[in-house]
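J.: Chains as they are written, first to last, in this note's numbering: chain X, 133 to 359; chain H, 58 to 317.
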Amino acid sequence: MSRWRVALLVARKDLAIEWRSRVVLDQVLPFAGVTMVLFAFALDSDAVLERVAPGLVWLAVLFSLLVLVQRAFAVEAADGALDALRVAGVDPMSIYWGKGLSLALQLLVLEALLLAAAVVLYGAEVPAEGVVLLVTTSITATPGLAAVGTLYGGLAAGFTGRETLLPLLVLPAVAPVLIGATRAVESALGTAGAATSDGWPWVGLLTVFAVAFGVGGSLAFGPLIDE
Amino acid sequence: MTTTDLDAGTPARTSAPRGTGTRATRVLGIATVVAMAWLVAFGLGFSPADRDQEESVRILYVHVPTIWIAYLAFVVTAISSGCYLFGRKKSLGFDRVAGASAEIGVVFMAVTLIVGALWGRLTWGVFWQWDARLTTTALLFVTYIGYLAVRRLGGSHHQRAKRSAVLGLLAVLEIPLVHWSVRLWRSLHQEATVLRTDGDISMDGLMLFSLFVGVIAFTLLYVWLLLHRSRTMFLEDLIEDRGLDQALAARRAEAEEVRP
C-alpha cells in the first residue's frame with residue numbers, strides 16, 4: 133500500500149474515533165468558546181475587542197491546538213496503539229501525515245467556528261473582498277499548525293510526565309503562524325483600516341512555514357517516536 | 058550523586074576519571090580568569106564614558122560578547138547534533154558537546170537579556186522594546202529551554218542523543234522562520250522608530266578594544282565551561298551505566314542463590 137493510502141487510513145481512523153467519542157465536540161469546542169468569552173472579560177471594551185479580534189481568534193486556535201494534539205496522542209498511547217502501528221510495519225511518515233491530516237481538518241472546523249464567534253461576540257465584520265484572503269489564510273496557516281503539533285505531540289503527549297512539555301515546544305515554534313495569520317486576517321477584515329492587498333505577503337510566510345515544517349516534520353517524526 | 062556512588066562500583070572499573078580537570082583546562086581556566094580581570098579593568102576603568110549613554114555604555118562590554126557567544130553555542134549544538142545523527146559511529150561525545158553547549162548558550166542568553174533590559178531602562182527608559190532582534194532572541198531562549206527539557210526525558214543514552222539531535226536540528230529550522238516573521242511584523246505592521254543598540258553609535262577606539270577584550274574573555278569562559286560540562290555529562294552517563302550494571306549483577310547473584 134502506498135504511503136498516502138496508509139496516511140488516509142490513519143486519518144480516517146482518527147476522525148472516526150473523534151466522531152464517535154465526541155470529545156472534540158463536547159470538550160474542545162466549548163473550551164475554545166469559553167476562551168473567547170474570557171478574552172472579552174479581560175479586555176472589556178468594544179472598540180479594543182473589534183481591533184484585536186483577529187489576534188484573539190488565532191490565540192484561541194493555538195490553545196485549542198494544544199488540547200487537540202494531546203487528545204490525538206492520548207488515543208494512540210492507550211493500549212500502546214502507536215507501538216502496535218509501528219510493529220504492524222506502518223511507516224512513521226504515513227502516521228505523521230495521517231495524524232496531521234486529521235488534526236488539520238479538525239482545526240479548519242474550529243477556525244471557522246471561532247471566526248463566527250468573533251463576528252457575533254466582538255462585532256468583527258467580514259467584507260466581501262476579504263473572503264478570498266480569509267479562506268486562503270486559513271488553508272495555509274492550518275497545515276503549518278498541524279505539522280508542528282503532530283511532530284511535537286508524538287514526542288511529548290500521551291506518555292506520562294511528558295504532557296507539560298508540549299506547550300513549551302509548540303508555542304515558540306508556531307509564533308510565526310500567530311504573527312502571520314493574525315496580520316493576514318486583519319487585512320481581510322479591514323481591521324484598523326488595513327488594506328486587503330497587505331495580507332498577501334503574510335500568506336507567503338504561512339506557506340513557507342507550512343512547507344518547511346511539513347518537510348522537516350516528515351523526516352523528524354520517525355526518529356522522534358522511535359523508542 | 059556523590060563520588061562515593063562512583064567508587065562503590067566494581068573495583069575493576071575505577072579507571073574512570075575522578076575529576077573533570079586536566080592540565081589543558083587548568084591553563085585555560087587561568088587564562089579565563091586573567092581575561093576577565095582584564096575586561097573588568099578596561100570595561101570599568103580605562104574605557105571612557107559615552108557622550109550620550111554615559112556610564113551605562115559599560116554594560117555593552119558584557120551584553121554584546123554574551124549574545125555572540127550564545128549564538129556561537131547554538132551553532133555548535135546544531136553542528137554536533139548533525140555529527141551525531143549523520144556520523145557513522147554515533148558517538149555520544151557529540152551528543153554531550155551539543156547538550157553542554159546548549160546549556161551554556163541558554164545561560165549566556167539569559168545574561169544578555171537581563172543586562173540588556175537594564176541597559177534599555179537606562180538608555181531608552183524602558184526594559185523592553187518590541188524590536189525584531191529582541192523578540193527573536195526571547196523566542197530562541199524559550200526554544201532552547203525546551204531543547205534542554207527534552208534532553209531530560211529519560212531513556213537510554215542513545216535514545217536521548219537521537220531525540221535531542223533531531224530537536225537541535227529542528228531548532229535551526231525554526232530560527233530563520235521566527236526571525237523573518239518578527240522582522241516582517243515590525244517593518245510592515247507599524248512604522249516604529251526602532252531604536253537600535255548600535256548603528257548610530259560611532260565607536261571610540263578604546264571602547265572597541267574593551268569590547269574585543271570582552272569577546273576574548275567570554276570565548277575563553279565558554280570553551281572552559283564546555284569542556285568541563287561535557288566531561289561532567291560523561292561521568293553522569295557513567296554513573297547511570299554503572300547503576301544498571303550493579304542491578305544486573307545483583308539479580309544474577311540472586312539467581313545463583315536460588316539455583317540448587
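Cβ coordinates follow ideal geometry from the N, Cα and C atoms, glycine included.
(1) Given 7 Å as the limit, tell me if Trp125(H) has its C-beta closer than that to any heavy atom belonging to the ligand FMN.
(2) Following the continuous alpha helix (DSSP H) through Phe103(H), name the residue where it begins and the one where it ends.
(3) What residue range is occupied by the uninterrupted alpha helix (DSSP H) comprising Leu157(X)?
(4) For the structure I just gave you, are there three or more beta carbon pairs, one from the segment 135-145 of chain H and one from the segment 222-241 of chain H, closer than 8 Å?
(5) Helix or strand or just coil, what does DSSP make of Glu261(X)?
(6) Could you tell me which of Glu295(X), Pro259(X), Arg144(X) and Ala288(X) sits nearest to Leu322(X), measuring between CA atoms?
(7) Quick one: measure Cβ to Cβ for Gly281(X) and Leu235(X), integer angstroms, because I've assumed they're closer than 8 Å.
(8) Given this structure, state the Cα-to-Cα distance separating Leu283(X) from Ala249(X), to the nearest angstrom.
(9) Flag Leu170(H) as yes if its beta-carbon sits less than 8 Å from any beta-carbon of chain X, otherwise no.
(10) Taking only the alpha-carbon atoms, compute the straight-line gap between Phe198(H) and Ser158(H) and give it to the nearest angstrom.
(11) Straight-line CA distance for Ile357(X) to Val252(X)?
(12) What residue from Leu234(H), Trp187(H) and Ala155(H) has the CA that sits closest to Gly348(X)'s CA?
(13) What residues in the segment 330-354 of chain X have a beta carbon less than 8 Å from any beta carbon of chain H?
(14) Residues of chain H with CB closer than 7 Å to the CB of Leu214(X), please, in chain order.
(15) Counting only beta-carbon atoms, is Trp242(H) nearer than 8 Å to chain X?
(16) State yes or no: is the beta carbon of Ile311(X) nearer than 8 Å to at least one beta carbon in chain H?
(17) Tell me the rounded alpha-carbon separation between Ser319(X) and Ser329(X).
(18) Please report the distance separating the alpha-carbon of Ala213(X) from that of Val207(X).
(19) Among Ala274(H), Thr276(H) and Glu231(H), which one has its Cα closest to the Cα of Phe345(X)?
(20) Quick test of your reading: Val272(H) and Trp176(H), contact by CB under 8 Å. State the CB separation rounded to the nearest angstrom.
(21) Closer than 7 Å between beta carbons: that is the criterion. Which residues of the segment 173-191 of chain H meet it against chain X?
(22) Using a Cβ distance threshold of 8 Å, determine whether the segment 110-124 of chain H contacts the segment 165-182 of chain H, with at least three qualifying pairs required.
(23) State the DSSP-derived secondary structure class of Glu150(X), mapped to helix, strand or coil.
(24) Anything in chain H within Cβ reach of Leu141(X), meaning under 9 Å, just list it in chain order.
(25) Is it right to say Met21(H) is buried, meaning 16 or more other beta carbons lie within 10 angstroms of its own, or is it exposed?
(26) Using a Cβ cut-off of 8 Å (strictly closer), state whether Leu265(X) contacts chain H.
(27) Would you verify that the beta carbon of Ala218(H) is, or is not, closer than 8 Å to some beta carbon of chain X?
(28) State the Cα-Cα distance for the pair Tyr254(X) and Leu191(X), rounded to the nearest angstrom.
(29) Could you list the residues in the segment 217-230 of chain X with a C-beta less than 7 Å from some C-beta on chain H, going in chain order?
(30) Could you confirm whether any beta carbon from chain A is found closer than 8 Å to the beta carbon of Gly203(H)?
(31) Check whether the Cβ atoms of Ala288(X) and Leu297(X) sit closer than 8 Å, and answer yes or no.
(32) Taking 8 Å as the CB-CB limit, is Ala185(X) close to chain H?
(33) Can you find a CB in chain H that lies within less than 8 Å of the CB of Pro304(X)?
(34) Would you mind working out which of Arg218(X), Gln238(X) and Val184(X) sits nearest Ser196(X), comparing C-alpha positions?
(35) Against chain H, with Cβ distances strictly below 8 Å, would Leu300(X) count as a contact?
(36) Specify the secondary structure class of Glu361(X) as computed by DSSP and reduced to three states.
T.: The structure says:
(1) The ligand FMN is absent from the structure shown, which contains no ligand whatsoever.
(2) Following the DSSP letters along the chain, one finds Phe103(H) in no alpha helix (DSSP H), marked with neither H nor E.
(3) No residue range can be given for Leu157(X), since it is assigned to no alpha helix (DSSP H) and is classified by DSSP as neither H nor E.
(4) Using a C-beta cut-off of 8 Å, the segment 135-145 of chain H makes contact with the segment 222-241 of chain H, since at least three inter-stretch Cβ pairs fall below that distance.
(5) It is helical.
(6) Looking at the sequence itself, residue 322(X) is Gly, so the reference to Leu does not match. The shortest C-alpha separation from Gly322(X) is found at Pro259(X).
(7) About 6 Å separates the two Cβ atoms, so the contact holds.
(8) Taking the straight line joining both Cα atoms gives about 29 Å.
(9) When Cβ-Cβ separations below 8 Å define contact, Leu170(H) makes no contact with chain X.
(10) Going from the Cα of Phe198(H) to the Cα of Ser158(H) covers about 13 Å.
(11) Straight-line measurement puts the Cα of Val252(X) at about 42 Å from the Cα of Ile357(X).
(12) Taking only the C-alpha atoms, the option nearest Gly348(X) is Leu234(H).
(13) Per Cβ criterion, the list reads Asp330, Pro333, Trp334, Leu337, Val340, Phe341, Ala344, Phe345, Gly348 and Ala352.
(14) Residues of chain H passing the Cβ test: none, with the nearest at roughly 15 Å.
(15) Yes, contact with chain X.
(16) Cβ-Cβ to chain H under 8 Å: yes for Ile311(X).
(17) Rounded to the nearest angstrom, the two C-alpha atoms are 7 Å apart.
(18) When rounded, the distance between both Cα atoms is 8 Å.
(19) The option with the nearest alpha carbon to Phe345(X) is Glu231(H).
(20) Contact between Val272(H) and Trp176(H) is absent: CB atoms are separated by about 17 Å, not below the 8 Å threshold.
(21) Listed by position, the residues of the segment 173-191 of chain H near chain X (Cβ gap below 7 Å) amount to none.
(22) Segments in contact, yes.
(23) In the displayed model, Glu150(X) falls within a helix according to three-state DSSP.
(24) Near Leu141(X) there are no residues of chain H at all, since even the closest Cβ is about 26 Å away, more than 9 Å.
(25) As shown, chain H starts at 58 and ends at 317. That puts residue 21(H) outside it, with no answer to give.
(26) Answer no: the Cβ-Cβ gap between Leu265(X) and chain H never drops below 8 Å.
(27) Taking 8 Å as the threshold, the shortest C-beta distance from Ala218(H) to chain X does not fall below it.
(28) Put simply, the backbone Cα of Tyr254(X) is about 15 Å away from that of Leu191(X).
(29) Within the segment 217-230 of chain X, no residue has a Cβ lying closer than 7 Å to any Cβ of chain H.
(30) Judged by its chain identifiers, the structure shown contains no chain A, and its protein chains are X and H.
(31) It is a contact, given that the beta carbons lie within the stated cut-off.
(32) Cβ-Cβ to chain H under 8 Å: no for Ala185(X).
(33) At least one chain H Cβ lies under 8 Å of Pro304(X).
(34) Minimum Cα-Cα distance from Ser196(X) among the listed residues Arg218(X), Gln238(X) and Val184(X) corresponds to Gln238(X).
(35) Interface residue, yes.
(36) The structure shown does not extend to residue 361(X), since chain X spans only 133 to 359, so no value can be given for it.
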